[in-house]
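Enquirer:
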Amino acid sequence: VLSQQNEFNRIWEGISKELKKEKIFLVDEKHLTKPQQEFVKNFFDEQVRSNVIPLMIETLPHMPYIRDKSIYLGVVMRKKEDAYKQKYSLIEVPANAVGRFVLLPSKAGEQHIILLEDVIRFNLPNIFSYFEYDYFDAHVFKVTKDAEIDIDNDVSTTFVEKMEKGLKNRRKGKPVRFVYDKEMDAGLLEYLIRRLSLSRKSNIIPGGRIHNFRHFIDFPDVFTTKNTRRTPFTHPELQNTMRVTDVILKKDVMLHFPYQSYNSVIDLLREAAMDPQVTSIKLTAYRLAEKSKVINALINAARNGKEVVVMLELKARFDEEANIEWKSILEDEGVKVLLGVPLRKIHAKLCIIKKRVGHKTIQYGFVSTGNLNERTAKVYGDHCLLTANRNVMADINRIFRYLENWQTGINNLRLCKTLLVCPTNMRRELEAMINTEIKHAKAKKEASITVKVNSLSDTALINKLYEAATAGVKINLIIRSIFCAVMENKKFKFPVKAISIVDEYLEHARVLIFHNGGNEKIYISSADWMVRNLDHRVEAALPILEPSIKQEIKDIINIQLKDNVKARTLNNELTNNYVSSAGKKVRSQIETYHYLHQKTLKKIEVSSN
2 VLSQQNEFNR IWEGISKELK KEKIFLVDEK HLTKPQQEFV KNFFDEQVRS
52 NVIPLMIETL PHMPYIRDKS IYLGVVMRKK EDAYKQKYSL IEVPANAVGR
102 FVLLPSKAGE QHIILLEDVI RFNLPNIFSY FEYDYFDAHV FKVTKDAEID
152 IDNDVSTTFV EKMEKGLKNR RKGKPVRFVY DKEMDAGLLE YLIRRLSLSR
202 KSNIIPGGRI HNFRHFIDFP DVFTTKNTRR TPFTHPELQN TMRVTDVILK
252 KDVMLHFPYQ SYNSVIDLLR EAAMDPQVTS IKLTAYRLAE KSKVINALIN
302 AARNGKEVVV MLELKARFDE EANIEWKSIL EDEGVKVLLG VPLRKIHAKL
352 CIIKKRVGHK TIQYGFVSTG NLNERTAKVY GDHCLLTANR NVMADINRIF
402 RYLENWQTGI NNLRLCKTLL VCPTNMRREL EAMINTEIKH AKAKKEASIT
452 VKVNSLSDTA LINKLYEAAT AGVKINLIIR SIFCAVMENK KFKFPVKAIS
502 IVDEYLEHAR VLIFHNGGNE KIYISSADWM VRNLDHRVEA ALPILEPSIK
552 QEIKDIINIQ LKDNVKARTL NNELTNNYVS SAGKKVRSQI ETYHYLHQKT
602 LKKIEVSSN
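Mapped onto the numbering used here, the consecutive letters of the sequence shown carry residue numbers 2 to 610.
1) Using a threshold of 8 Å, state whether the C-beta atoms of Leu457 and Ile480 are closer than that.
2) Give the range of the alpha helix (DSSP H) segment to which Thr437 is assigned.
3) Kindly indicate which three-state DSSP category Glu334 falls into: helix, strand or coil?
4) From the DSSP output, which residues share a beta bridge with Ile194?
5) Whose C-alpha, out of Lys143, Leu193, Ile211 and Gly209, is nearest the C-alpha of Arg178?
6) Going by CA-CA distance only, name the one from Lys80, His441, Lys522 and Ala349 that's closest to Ala472.
7) Which residues in the same chain have their Cβ closer than 8 Å to the Cβ of Ala290, if we skip the five residues on either side of it in sequence?
8) Is the beta carbon of Val611 sitting closer than 8 Å to the one on Ala303?
9) Pick helix, strand or coil for Lys355, following the three-state DSSP scheme.
10) Report the residue from Leu20, Asn124 and Gln5 whose alpha carbon sits nearest the alpha carbon of Glu30.
11) For the beta strand (DSSP E) that contains Glu218, what are its first and last residues?
12) Report yes or no: do three or more beta-carbon pairs, one from the segment 215 to 226 and one from the segment 247 to 259, lie closer than 8 Å?
13) Could you pull the DSSP bridge partners for Leu543 from this structure?
14) How is His32 classed by DSSP in three states: helix, strand or coil?
15) Using the Cβ count rule (16 or more neighbours within 10 Å means buried), how would you classify Thr370?
16) Let me make sure I understand the geometry here. Which of Lys361, Ala349 and Arg391 has the alpha-carbon closest to that of Asn1?
17) Counting beta carbon pairs with one atom in the segment 510 to 526 and one in the segment 487 to 496, are three or more of them shorter than 8 Å?
18) Start and end of the beta strand (DSSP E) containing Gly15?
19) Determine the DSSP secondary structure at Gln408, reduced to helix, strand or coil.
20) In chain order, what residues of the same chain lie with their CB nearer than 6 Å to the CB of Tyr136, ignoring the 5 residues before and after it?
21) By DSSP, does Phe45 sit in helix, in strand, or in coil?
22) So Thr471 is in the alpha helix (DSSP H); what residue range does that whole segment cover?
23) Hey, quick one: how far does the alpha helix (DSSP H) through Val532 stretch, first residue to last?
24) Please state whether the Cβ-Cβ distance between Leu105 and Phe40 is less than 8 Å.
25) Could you compute how far the alpha carbon of Ala273 sits from the alpha carbon of Ile354?
26) Assuming Arg68 and Val141 make a contact with CB atoms under 8 Å, what is their CB distance in whole Å?
27) Which full runs of the beta strand (DSSP E) of 3+ residues lie inside the segment 229 to 300, going along the chain?
28) Cα separation between Arg399 and Leu61?
29) Tell me which same chain residues have a C-beta within less than 6 Å of the C-beta of Pro207, skipping the five on either side of it?
30) Since I believe Ile450 is in contact with Glu432 (beta carbons under 8 Å), could you give me their beta-carbon distance rounded to a whole number of angstroms?
31) Quick one: Cα of Gly15 to Cα of Val309, how far?
32) Skipping 5 residues on each side, what residues in its chain have a beta carbon closer than 6 Å to that of Ala568?
33) Which whole-angstrom value is the C-beta distance of Ala560 and Tyr506, which I expect to be below 8 Å?
34) So, Asn52 versus Val103, is the Cβ gap smaller than 8 Å?
35) Any chance the CB of Ile353 is under 7 Å from a heavy atom of the ligand ZN?
36) Taking 8 Å as the threshold (C-beta atoms), are Phe367 and Leu339 in contact?
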């Protein structure tokens, strides 16, 4: 852990230098100009003060509850003439309420930013003015607690009550890691370790001045050069239309996030909420944005008299508490909330909308590889197919029948004919498609498999890939996270290309391509190739049928396979060396953006002629 922390600090130092080159400066409380000092004082009084609650921990019989998603300032206070009489206080940094980054008045051509904890540090004399101390020292620390939730077997309580009880117990749990600023006052550090009952030295990790980098997903958009994050654009088929619904009732539309705008999904749900012909909306939700536009659209639909059903996965790790809160909000608005299936997470990303036109019921919706979360859609690479395909909608209906009546058994999932569904037929169908490629390879026919998933650890499927490679199937793997295969083997007839791409956006999409004798089978999927996904979750993989969309998916995957800037080779030693190749430099995320943007520009040009 210490080596990882040191590596993390090294990387952050490099990023800090790059920011300075861009004239972007993270300024602490000791290096403010006079105008900036006045700004920080006013900002604290107007925006922060009401959210700051100092805890005088030495006067408390028990250590206060420490949140494991928050950062805290440990404050040392004393009078300069009496250095031995010092007091300690804790302040939770209210990043969720105020925001972590504060833009400061800056010179022309520069941008100065101060972190919220430094705003609080600057105002410590103001916060503790009652005590008449004249010396303050404050350092950040963060606590991580055991994330497991114990669900008891009490039959007299509901699942929600069990989850709430489990969350309360998790809050009371002992810390398993304590990360602190290595410059922290030694007396305060010793005091915190004792009060938090931290006994194992391996759990106490010195770090840098800044912690909780997860907030950096919301770093201010202050970049002015070519490195600025590329602005998402509307899908070309949705450019000049008043209604998303009208388009997808005629043809499938594949959205690629974060290159294309997530607003099209929000617009689809808003249209359904207001459409008097729409009778129902059903969707699955795993992780939602904090201020969810998806939820707002569903609430509006319920208020407009639609039947709204939301499968809300309470067991989504680290989002359990937020999802319990969303459950209450939705139910108060008349939304039917499904809570999943015991011992089985619902990870499929599905939506079905039904509308009545005359004597007909029309169904449409979407299948996605990513969460219904407009915040993460800005930085997660995912695919989402908007479709009115009858066979797909029939399968989504079957999945919801299972979710609404899981006590009657899993048969509704077994009836799915178009979607590959876990835990019923996906594993079997994947093995069958691999077997087809093996058969073709042995017959000296073209055979290939491309798998892009977050994680590859399922032993049975890894062994099938070994068998395929030995038979002469050409295999390409794009695996971002867990990788348990050994893909350098002299028995393989062709070298297996196995890479990981880590860049500005998180590669979250799952894509499967099987050559299938020239009649390629291409799927987008919610499932990683892991036992937990394939055997213990409800997942869905969607076959891509529209030729132009199949080609688009292939083009994007081929761009990624050519990446020689951010791609790393997954060799047997897992040294994660960057791919090296002669010729043009290909950074796949930038090339994918340009590829999709050019298609949009061509569509606009054709439409204007």
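All C-beta atoms, glycine included, are put in the ideal place defined by N, C-alpha and C.
Expert: In short, the structure shows the following:
1) Counting from 1 along the sequence shown, the entry for residue 457 is found at position 456. Counting from 1 along the sequence shown, the entry for residue 480 is found at position 479. Yes.
2) Here residue 437 refers to the residue found at position 436 when the sequence shown is read from its first residue. It spans Met427 to Lys443 - the alpha helix (DSSP H) in which Thr437 sits, taken as one unbroken run.
3) One-based indexing of the sequence shown puts residue 334 at position 333. Coil.
4) Residue mapping note: residue 194 aligns to position 193 of the sequence shown, counting from 1. Bridge partners of Ile194: none, in fact.
5) Stepping through the sequence shown from its first residue, residue 178 is reached at position 177. Of the listed residues, the one whose Cα sits closest to Arg178 is Lys143.
6) As a working note, residue 472 is residue 471 in the sequence shown. Nearest C-alpha to Ala472: His441.
7) The residue labelled residue 290 in the question sits at position 289 within the sequence shown. Counting only Cβ-Cβ distances below 8 Å, and skipping sequence neighbours, we find Asn374, Glu375, Arg376 and Thr377.
8) The chain is shown from 2 up to 610; residue 611 falls before or after that span and cannot be answered.
9) For the purposes of this step, residue 355 is identified with residue 354 of the sequence shown, where counting begins at 1. Reduced to three states, the DSSP call for Lys355 is strand.
10) Your numbering for residue 30 matches position 29 in the sequence shown. Closest option to Glu30, Cα to Cα, is Asn124.
11) Looking up residue 218 in the sequence shown gives position 217. What sits at residue 218 in the sequence shown is Ile, not Glu. Bounds of any beta strand (DSSP E) do not take in Ile218, whose DSSP letter is neither H nor E.
12) no
13) If you number the sequence shown from 1, residue 543 lands on position 542. Answer is Ile525, bridged to Leu543.
14) The residue labelled residue 32 in the question sits at position 31 within the sequence shown. In this structure, DSSP gives His32 a state outside helix and strand, which the three-state scheme calls coil.
15) In the sequence shown, counting from the first residue as 1, residue 370 sits at position 369. Its Cβ being crowded by 16 or more others within 10 Å, Thr370 is buried.
16) The chain is shown from 2 up to 610; residue 1 falls before or after that span and cannot be answered.
17) no
18) Your numbering for residue 15 matches position 14 in the sequence shown. Premise fails: Gly15 lies in the alpha helix (DSSP H), Leu3 to Lys22, not in any beta strand (DSSP E).
19) Here the question's residue 408 lines up with position 407 in the sequence shown. When secondary structure is reduced to three states using DSSP, Gln408 falls in the helix class.
20) If you number the sequence shown from 1, residue 136 lands on position 135. Excluding residues within five positions, the ones whose Cβ falls inside 6 Å are Arg79 and Lys81.
21) On the sequence shown, position 44 is the one that residue 45 refers to. Three-state result, Phe45: helix.
22) Start at 1 with the first residue of the sequence shown, and residue 471 comes out as number 470. Start and end: Thr460 to Ala472.
23) The sequence position of residue 532 within the sequence shown is 531, counting from 1. Here the alpha helix (DSSP H) through Val532 covers Val532 to His537.
24) Within the sequence shown, the letter at position 104 stands for residue 105. Within the sequence shown, the letter at position 39 stands for residue 40. Cβ distance < 8 Å, so Leu105 and Phe40 count as in contact.
25) As a working note, residue 273 is residue 272 in the sequence shown. As a working note, residue 354 is residue 353 in the sequence shown. C-alpha separation (whole angstroms): 7 Å.
26) By 1-based counting over the sequence shown, the position of residue 68 is 67. By 1-based counting over the sequence shown, the position of residue 141 is 140. So it is not a contact: roughly 14 Å between Cβ atoms.
27) 254 to 258 and 279 to 286
28) Residue mapping note: residue 399 aligns to position 398 of the sequence shown, counting from 1. Residue mapping note: residue 61 aligns to position 60 of the sequence shown, counting from 1. Each residue's Cα considered, the two are about 56 Å apart.
29) Sequence index remark: in the sequence shown, residue 207 carries index 206 (1-based). Hits under 6 Å: Lys183.
30) Stepping through the sequence shown from its first residue, residue 432 is reached at position 431. Stepping through the sequence shown from its first residue, residue 450 is reached at position 449. No, Glu432 and Ile450 are not in contact; Cβ-Cβ is about 12 Å, not under 8 Å.
31) Locating residue 15 in the sequence shown gives position 14, where the first residue counts as 1. Locating residue 309 in the sequence shown gives position 308, where the first residue counts as 1. C-alpha separation (whole angstroms): 48 Å.
32) Position 567 of the sequence shown, counting from 1, holds the residue named residue 568. Around Ala568: Ile500, Ile502 and Val580.
33) Translated into positions along the sequence shown, residue 560 becomes position 559. Translated into positions along the sequence shown, residue 506 becomes position 505. According to the sequence as given, residue 560 is Ile; it is not Ala. Not really, about 13 Å apart at Cβ, beyond 8 Å.
34) Position 51 of the sequence shown, counting from 1, holds the residue named residue 52. Position 102 of the sequence shown, counting from 1, holds the residue named residue 103. Not a contact, by the Cβ cut-off of 8 Å.
35) Looking at this structure, you won't find the ligand ZN or any other ligand, since it has none at all.
36) The residue you call residue 339 lines up with position 338 of the sequence shown. The residue you call residue 367 lines up with position 366 of the sequence shown. The answer is no: Cβ separation not under 8 Å.
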